[in-house]
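Remarks on the structure that follows.
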Amino acid sequence: MSLVLVTILLPIVAGTLLFALPRNSETAARSIGTLVGAATVATTVLAGDAQWSFRWLSRPFTAAFHFGATPISFWLALLLAICTACAIAATRVSRTRDMVALILLLEGAMMGLFLARDLLVFALCWDLMLIPVFFALIGWGEHPATAWRYLIYNFAGGLTLLLATAAFGVIYGSTDVIGRSAAPFAGGWAEWIYAGFAFAFLVKTPVWPLHTWMPPTYSGLPSPMVSVVSAVQSKAGLYGFIAIALALLPAYVHAFALPLIILGAISLVYGAVIALVQNDAKRVVAYSSLSHLGLIAIAVASGNQLALQGALVYIVAHGLFSAALFIVLGYVEEREDTRSLSRLGGLGWRNPRLAGALCVAALAALGLPGLAGFAGELIILIGVYQAGYVWAVIVALIAIVAASAYMLRLYQDIMNGRPADDVPVRPDLSWREGLAIAPLLVALVAVGIYPAPLLGTHPAAAVTTSSRTP
Amino acid sequence: MTIPFTHVDWAAIVPVSVVAVTALIVLLADFFVSGERGRYVPITIALIGLGISAALAAKQFGHNHDAFFGGFMTGGFTTVFEEIVLLAAAGSVILYANIGSAQRVAGTTAIMLWSACGAMLMAGAANLMMIFLGLELLSLGLYALCAAADRRTARESALKYLILSSTATGFLLFGMALLFGATGSVRLADLVAPILAYNPIYWMGAGMFMIGLLFKLSMVPFHSWTPDVFEGAPLPVTAFMSVATKAATLAVFARFIYAALPLGVGDRLLIPVWIVAGISMIAGNVGMLAQTDLKRLLGYSGIAQVGYILVALAGSTPQGLRYALYYLTAYALMNLGAFAIASAISDAGEEGSQLRSYRGLAFRRPWLAAGMTVFLLALAGLPPTAGFLGKILILASSAANGYIWLGALLIIGTAISLYAYAKVVRLMYSREEAPVHEVRPFVPLAWASAALCAVAVVVMAFYPLTPSNVLPLVR
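Structure below.
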């Protein structure tokens, strides 16, 4: 059996089997989950660009369970595997067994999404990855409406993706097209097909004004799950833009670039402004995600080669630091039973290791040179400038300044100042907790100092044949 | 007097006869058993009979034969629909293991088998009289079955079904009479004469006939009887109605539009049908939102699901028919599985159809909750289930045949439906109340049925079996 298949099936099978453990087994579930997560990291690396294919449909169009990493999706799969392993190691919630199982199932579905070389399989995994998050929201969420909002928004996106995929398959004859230098697709329905894809991708990213499901979802989900969702699931839409829309329908991405850049710019500023005034720590990070993902959306829409390379670096960077941020906020919430910035304070005095972890993650998020965020932002800005969208660069710079403001505010309100009297004092990070977050912090530094492997893979390779088309 | 039929004619309806005879054996066997354990005897006999019939029907696949002077056609199309009806009957009879009083099981099982005979006749009917015969056999049994429960709602359900179904039959019969008037023949094969396109009597007849069928399929605006009847009828009967009646009526509908329309008529005659299907997909799914009873919920769901199947038939292409059959099979499995789980959680006092009895089910009966989740998500079209692939195939067919607007309506309807299905899922997985029922009956037959359906629903997503050679014939 191919290693690619193992990478996808291992988390799914392990996640299902976890339900066979006793209901209250906490340590066992977490250890097994972490091991499986680490094994997935290994198989992702070892599998490389190996492929595996199995014929699914021959009519009305050909489709296959065709999996294999492309130069872009390899990094996303690796990011997913690392974030999942760390998130599981950091898991400490009620019903740990169920949560670990759901995270593993989510990893399997998303692994399938990123490794899919077939559009129909991509659409299948797109819908599949909603289910574990929905279950997490109804099991651990704070408000039932959040689960509905998440499900309905994303399922609506998934359905337009499905309709567009079906129409694409019927016209093109095959959906086995991801990562091939196939001829760009054109035809009577191409605009509508692009619209279907774009809607799904924009909802998932999310981009203003389709983002309203996102802040409650991020603040409602338990930390380990949300660190995976915000780090990786939100990248599904951007990955779709790069690997599907830009590769198959480049003419339409270029034709509708301006609206997309405007939406991205609005998300960028809107997210930053709202993040400045939030009191819930998780919501600060949620809105900062909206802002950062807006920047990536601009980069993708600009169609510039350099901007696309920067987008890949920033996708990885954002994945690493948002996973780290949410995990740290989870630790804070475990200790202090609150996420309210006005109640928290002075944690840094007694928890220096926790403060250090939050510091690195927050600095990466605000784009400090030497950490991963900076490398991505810089390359994106140069690329977008080259593409001629000077105003977008200026807007982005404003938002990046705002990012320093809200990230430092987040850090200050939690770690600095006088220790709050009404919140309990708890011990600093344990070994387990520290080890859970260490890989993410190391990776943030590594990518910040040496982003060359990410740039070297040349994310544009998959789209070079077509992206020059006006 | 000589009977003008040969053994070949009788051989064509052997699967039907086997089911009819099985019903008699069930009744005879009932003389010799009694007590609570006794309810397994009729069920076992019925399952064996249905299995034999399914094997015999399968042997007729690919043998196109025109029996009884065009009354009954064997062949791939007939076989597939017969198998779906047999599956529905088996999946419904099993539910009597836990539902209803033990004395009544033999009688109701026998009537259900005879109803299934009617549905099987409709699957192969190639003339108007055979269609009517099959339909009446199916419906008469169902009137009795609906009333066979100790509830007032059951009798109300039976009466409602009797009156509204008779109205539909009236339409159908009047349409048939007009069609006969236009052609002078009851054979579907004679309905293809091109000259009929200019005959107003034909148009009136075909329109009435369509209305009758849409009534039976419970398409909007002829749908309002369905939820009420489904709610009142005993659980196994609801399961049977939700699959077998729809399958049999779809068989008649598909045979009529594929093989019995004069050239060029289809485009004009069927446009209203597609519009009705589009409205049904929206209305059925909206209707689900406010339901508090699983049977009502699945009643509304069925309205929308049949709408999806009609979308596959729009354009009358062979591919579309195959996708319709794929989805119909998947729908049968999902519904039968959901009803099996409902029966597994019901106890003496209450059929497990009230949605409130599903609250917190995942913490009391995790396997049943997981199974129900599979079926509900499959009905909503989420992967990895046959519902997902079926929707993709139907969407592809609508795009290929120029009915993309129906595909768009399907998408909207599905988005609405997810809320209703996921609401039940949320109910099962939310722990807000102490467990109400501590009785935990283990019903092996229902469990087995649910497990088989769940496995089949998932496996079908990866091995899309869409048999070829299923085009309906009339001669």
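From first to last, the protein sequence lines stand for chains L and Z. Numbering-wise, the first sequence is residues 1 to 470 according to this note's numbering. Numbering-wise, the second sequence is residues 471 to 945 according to this note's numbering. Using N, Cα and C, we set each Cβ at its ideal position, and we do this for glycine too.
Coil, strand or helix - residue i by DSSP
| i | result |
| --- | --- |
| L/F61 | coil |
| Z/N597 | strand |
| L/W56 | strand |
| L/S174 | strand |
| L/A116 | strand |
| Z/I509 | Just to set this straight, residue 509 of chain Z is Arg in the shown sequence, not Ile. Note: Z/R509 maps to helix in three-state DSSP. |
| Z/R766 | helix |
| Z/Q761 | coil |
| Z/Q573 | helix |
| Z/R960 | Residue numbering for chain Z in the displayed model covers 471 to 945; residue 960 of chain Z lies beyond these limits and cannot be assessed. |
| L/A460 | Low confidence applies here, because L/A460 scores a pLDDT of 46, under 50, leaving its location unreliable and the question unanswered by this model. |
| L/H211 | coil |
| L/H143 | coil |
| L/D98 | helix |
| L/N351 | coil |
| Z/P937 | coil |
| L/S289 | helix |
| L/D428 | coil |
| Z/A638 | helix |
| L/F321 | helix |
| L/A305 | The sequence shown places Gln at residue 305 of chain L, not Ala. Of the three classes helix, strand and coil, the one that applies to L/Q305 here is helix, per DSSP. |
| L/L249 | coil |
| Z/D737 | helix |
| L/I449 | helix |
Residue i, enclosing beta strand (DSSP E) - first and last residue
| i | result |
| --- | --- |
| Z/A537 | H535 to A537 |
| Z/T719 | No beta strand (DSSP E) holds Z/T719; the alpha helix (DSSP H) holding it covers K716 to A729. |
| Z/M543 | F542 to T544 |
Opposing strand residues paired with residue i [DSSP bridges]
| i | result |
| --- | --- |
| L/S340 | L/D280 |
| L/V67 | One point to set straight first is that residue 67 of chain L is Phe, not Val, in the sequence displayed. Note: L/F67 sits in a beta bridge opposite L/W52 and L/A116. |
| Z/Q824 | Z/D763 |
Whole-angstrom C-beta distance between residue j and residue i, which should lie under 8 Å
| i | j | result |
| --- | --- | --- |
| Z/M592 | Z/V722 | 5 Å |
| L/G345 | L/A443 | Their Cβ separation, rounded to whole angstroms, is 30 Å, which puts L/G345 and L/A443 out of contact at 8 Å. |
| L/S267 | L/S291 | 7 Å |
| Z/H693 | Z/I815 | With a Cβ gap of about 28 Å, Z/H693 and Z/I815 do not count as contacting. |
| Z/L863 | Z/Y793 | 4 Å |
| Z/A784 | Z/A916 | Wrong, their Cβ atoms sit about 36 Å apart, outside the cutoff. |
| Z/G870 | L/P60 | Reading the sequence as shown, one finds Ala at residue 870 of chain Z and not Gly. Rounded, the Cβ-Cβ distance is 6 Å, consistent with contact. |
Own chain partners of residue i with C-beta closer than 6 Å, once the 5 adjacent residues on each side are dropped
| i | result |
| --- | --- |
| Z/V944 | A596, L658, A659, A729 and A730 |
| L/V6 | T43 |
| L/V360 | L441 |
For residue i, the first and last residue of its enclosing alpha helix (DSSP H)
| i | result |
| --- | --- |
| Z/M674 | P670 to K686 |
| L/M129 | Taken as a continuous stretch (DSSP letters only), L/M129 belongs to no alpha helix (DSSP H), as it is neither H nor E. |
| L/W189 | L/W189 -> no alpha helix (DSSP H), and no H or E assigned at all. |
| Z/L852 | Per DSSP, Z/L852 belongs to no alpha helix (DSSP H) and is neither H nor E. |
| Z/D698 | W695 to G702 |
| Z/Q789 | P788 to A814 |
| L/S31 | T27 to A47 |
| Z/T492 | V484 to A499 |
| L/A375 | A372 to Q386 |
| L/T7 | L3 to L18 |
| L/Y239 | K235 to G240 |
| L/D413 | V390 to M415 |
| Z/S919 | P914 to F932 |
| Z/M896 | Reading off the sequence shown, one finds Arg at residue 896 of chain Z, where the question assumed Met. Start and end: I874 to Y899. |
| L/P224 | S223 to V228 |
| Z/L705 | L705 to F710 |
Cut-off 7 Å between Cβ atoms - residues of its own chain near residue i, not counting five sequence neighbours on either side
| i | result |
| --- | --- |
| L/S466 | Low confidence applies to L/S466: its pLDDT is 36, below 50, so where it sits in the model is not reliable, and the reading given next is rough at best. Result list for L/S466: P184, A247 and P250, in chain order. |
| L/R23 | R97 |
| L/L312 | I72, W75, L454 and P459 |
| L/T16 | none |
| Z/A516 | T492, V496, V563, T579 and L583 |
| Z/S798 | According to the sequence as given, residue 798 of chain Z is Leu; it is not Ser. Cβ within range, chain order: I554, A717, L720 and I779. |
Sequence-distant residues of its chain with Cβ nearer than 8 Å to residue i (five each side left out)
| i | result |
| --- | --- |
| Z/G505 | A572 |
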